[in-house]
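Reminder that position 176 of the sequence shown reads as 205 in this note's numbering, one-by-one numbering, no gaps.
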Amino acid sequence: MSSNKKITLIIFTMISILAVIIIILVALGSRHSGYDGAKKRAYLTAQLVKNSLTSHMINGTMHQRDTFLSSLNNLQGIKELWVVRSKSVSEQFGNSSLATEKARDNIDLDVLKNGKEKVIINESFKDATLRITIPYTASSLDKPNCMSCHNAQEGQVLGAISLTFDIQEDRISNIVILINVVATISVFLILILIYLRKKITPFTNSFDSITETLKQVHEGDYSVRVKEGVLKEDKEASIWLNELIEKLETVLTGIEKNLTSFVHNRATIFSNDKLLTAKEIIEDITEIYNYKKTIETDLTKEDIFYRLIQVLKNKLNIESFYIFETDLIKDERKTIYPLIEVEKPCCVISKGIKSGCRAERTNTIVSSENFPEICRIAKCSGETNHICIPFLINEQKNIVIHIVCKDKDSLQNTKYQIGIIKKYLEETKPILESKLLMDALREKNLVDGLTGLYNRRYLDEFIEKKLPHESQDGSKFAIMFLDIDYFKMINDTYGHDAGDAILQKLSDTMKASISENEFIVRFGGEEFLIIMKNPTETSARELATKINQEFAKLVFNYNGQAFSKTVSIGYSFFPDDADQIWKCIKYADISLYEAKETGRNKIVRFQKEFLKSADKKSY
30 MSSNKKITLI
40 IFTMISILAV
50 IIIILVALGS
60 RHSGYDGAKK
70 RAYLTAQLVK
80 NSLTSHMING
90 TMHQRDTFLS
100 SLNNLQGIKE
110 LWVVRSKSVS
120 EQFGNSSLAT
130 EKARDNIDLD
140 VLKNGKEKVI
150 INESFKDATL
160 RITIPYTASS
170 LDKPNCMSCH
180 NAQEGQVLGA
190 ISLTFDIQED
200 RISNIVILIN
210 VVATISVFLI
220 LILIYLRKKI
230 TPFTNSFDSI
240 TETLKQVHEG
250 DYSVRVKEGV
260 LKEDKEASIW
270 LNELIEKLET
280 VLTGIEKNLT
290 SFVHNRATIF
300 SNDKLLTAKE
310 IIEDITEIYN
320 YKKTIETDLT
330 KEDIFYRLIQ
340 VLKNKLNIES
350 FYIFETDLIK
360 DERKTIYPLI
370 EVEKPCCVIS
380 KGIKSGCRAE
390 RTNTIVSSEN
400 FPEICRIAKC
410 SGETNHICIP
420 FLINEQKNIV
430 IHIVCKDKDS
440 LQNTKYQIGI
450 IKKYLEETKP
460 ILESKLLMDA
470 LREKNLVDGL
480 TGLYNRRYLD
490 EFIEKKLPHE
500 SQDGSKFAIM
510 FLDIDYFKMI
520 NDTYGHDAGD
530 AILQKLSDTM
540 KASISENEFI
550 VRFGGEEFLI
560 IMKNPTETSA
570 RELATKINQE
580 FAKLVFNYNG
590 QAFSKTVSIG
600 YSFFPDDADQ
610 IWKCIKYADI
620 SLYEAKETGR
630 NKIVRFQKEF
640 LKSADKKSY
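Below you can see the structure in the form of structure tokens.
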């Protein structure tokens, strides 16, 4: 309902209530006025009858009173009239034989008994009457004195008169008056409503226009405008509001255009309301900004990946996904999340990434929505779809986010979130790139230039940072010391270039022999150190034997001479042999010395007997 109708209805209701109250008051007043008039006529008639009967009594014409009383019935408005004697009068003057002087009902008797008048109004649809019964009491103040004729006391009831009046004409008169009042009020009400409606219509129309416009603006439609008002006040209001809406539309459109492109049209998917869209985009940007500030303080790329994983899981509510890191130089891939031990990825591929992975080969997003076999290496179980999002970090590293969509809703939601995912990746890229660069520099600083093996700095860092944590987990280690037999003779005889070549061959042999649980350190000169994680006596011996045998098979040719070389190996176990890692390294060194002392080209397990008395005191 429009405001115009509402206000008109309110005014009409208020005036109607006022009119009804006035009509009721007029009706009640007219009714009481009519009744009061009838009662006044009754009192006059009663006084007339009393005076007339007194005159008849004084003049001795009481026998003619019946004629008088009968004549009164012909008076206008009087339907019936009768007079009733009291008991005391009947005892003094005898009972009356006239029908008009006898009590007709209990009303007459009650008035004679109590001396109080009674008024009864009888109304029906056709007629209306008023019956009034008035007592006559003895009074010495009357002229003539009532006590001069009656044996009565002051105030004693001598009789009563009952009259029945026809008040139908009074009622009709009251109705006519009431009709006139109603008609007058109705005309007045109509005129008031017409006047007020004419005055308020411009304001209500302007208000309705403003209300409807604001409603549409609230729903996201900023193209609407308020209709121009009629009066000066609402004209100004409509102009100001239209200017405000226009400015708001311009600003929000600009914000939406700029920010939406910033987050790849993510927010526009969810709402057509420009204001709500801007709000959602700003929230996204704020969260992305906070994410960037957080990862800038992270120390390692593992920390950064952890943040990215949390965003995908908790912020974007992606249930099943994988993150792969690819070394573009080596053409190798490793799984960042989840770990293979926890959940087997859909893409089980570690080498030949460029030829096997469509997303990485084309550097475009790959979706199986329309063609499940678009990526031949993605083997997702059940009726699922997969979306792969590649992202190049630098010339060496690339990451792929592989999202498994378990149903259509999940697929649709993921498609809407691709833009925001890419934005998070864009903010991750420079930070991750710097960490990779730092890792590369750090790796270079920790690697021996000749052999490509770790150097002493790496060993020190491992012992300081990683070993304590792994030891707390119950991990054990084997420490192997390797040394090329008679290596000094090589340098002296064939030169240092030959010596370097043999060191490189030994390095290659050791690299080919170890697994992911071992790493090699060039300890110094021709000495090498191998750290094995969670070995057994058998596995440690087998590794040492393999290296010894494989290296012995190599044939070197220098200055026209062919020869082979051997290595001596000593090893110990941490913490079985000692509770300090450096002691175990020393014990492995002592075991290596024992192998050389006892003939070289040997593998010797540390024994406490190898310690000399002086050594026992030192170690």
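For each residue, glycine too, the CB sits at the ideal point set by N, CA and C.
Under DSSP, H415 shares a beta bridge with V433. In terms of CA proximity to S542, K575 leads the group I223, T565, K575, F552. Taking 8 Å as the cut-off, the beta carbon of I632 is found closer than this to the beta carbon of R570.
Contact between I460 and I333 is confirmed by a C-beta separation of about 6 Å, below the 8 Å threshold. Counting only unbroken stretches of 4 or more residues, the alpha helix (DSSP H) elements lying wholly within the stretch 518–575 are 525–542, in sequence order. Its Cα nearest to that of D139, the residue I190 stands out among A181, I190, D156. A straight line joining the alpha-carbon of I394 with that of N520 spans about 56 Å. Taken through DSSP and simplified to helix, strand or coil, R362 comes out as strand.
Every beta strand (DSSP E) stretch that sits fully inside the stretch 338–362 and reaches 3 residues is listed by chain position as 350–356.
With fewer than 16 other Cβ atoms from the protein chains shown falling within 10 Å of its own Cβ, N80 counts as exposed. In this structure, S115 and L141 form a Cβ contact; the two beta carbons are roughly 5 Å apart against a cut-off of 8 Å.
In this structure, the straight-line span from the alpha carbon of G481 to that of S536 is close to 8 Å.
Residue D360 holds the alpha-carbon nearest to the alpha-carbon of R390 among N399, K408, L220, D360. Of the other Cβ atoms in all chains shown, 16 or more fall within 10 Å of the Cβ of D606; this residue is therefore buried.
Comparing alpha-carbon positions, the option among R160, D156, D134, M43 lying closest to A75 turns out to be R160.
Nearest C-alpha to E638 among E626, G628, S620: S620. By the Cβ criterion, the stretch 583–597 is not in contact with the stretch 488–499, since fewer than three pairs of Cβ atoms, one from each stretch, lie closer than 8 Å. Judged by their CB atoms, S379 and I508 are not nearer to each other than the 8 Å cut-off. Remark: three or more beta-carbon pairs, one from each stretch, lie closer than 8 Å, so the stretch 333–343 and the stretch 448–468 are flagged as touching. Minimum Cα-Cα distance from C434 among the listed residues A407, K458, K426 corresponds to A407. Going by C-alpha positions, L470 is about 21 Å away from R362. Excluding its 5 nearest sequence neighbours in each direction, N271 has C-beta neighbours in its own chain below 7 Å: R254, V255, listed in chain order. Distance from the CA of S568 to the CA of M561, rounded to the nearest whole angstrom, comes to 9 Å.
The Cβ atoms of T595 and A573 do not sit closer than 8 Å to each other.
Just so you know, the alpha carbons of I204 and K68 end up roughly 20 Å apart. Ranking I422, L368, K373, K437 by CA distance to the CA of N399 puts K437 first.
When the five nearest sequence neighbours on each side are left out, the beta carbons in the same chain lying within less than 6 Å of the beta carbon of P164 are those of V140, G144, V186, A189, in order along the chain. In this structure, the beta-carbon distance from K505 to N563 falls below 8 Å. With fewer than 16 other CB atoms across the displayed protein chains lying within 10 angstroms of its CB, D489 is exposed.
Looking at the DSSP output, A407 bridges to C376. For L110, the uninterrupted beta strand (DSSP E) run begins and ends at 107–114, by DSSP. Boundaries of the alpha helix (DSSP H) harbouring K228: 197–247, taken from the DSSP string. Using a C-beta cut-off of 8 Å, the stretch 230–238 makes no contact with the stretch 212–219, since fewer than three inter-stretch Cβ pairs fall below that distance.
For N143, the enclosing alpha helix (DSSP H) starts and ends at 135–143.
Considered as a whole, the stretch 583–633 harbours 610–626 as its complete alpha helix (DSSP H) runs of no fewer than 4 residues, in chain order.
Distance from the Cα of W111 is smallest, within the candidate group S153, I324, I136, T443, for I136.
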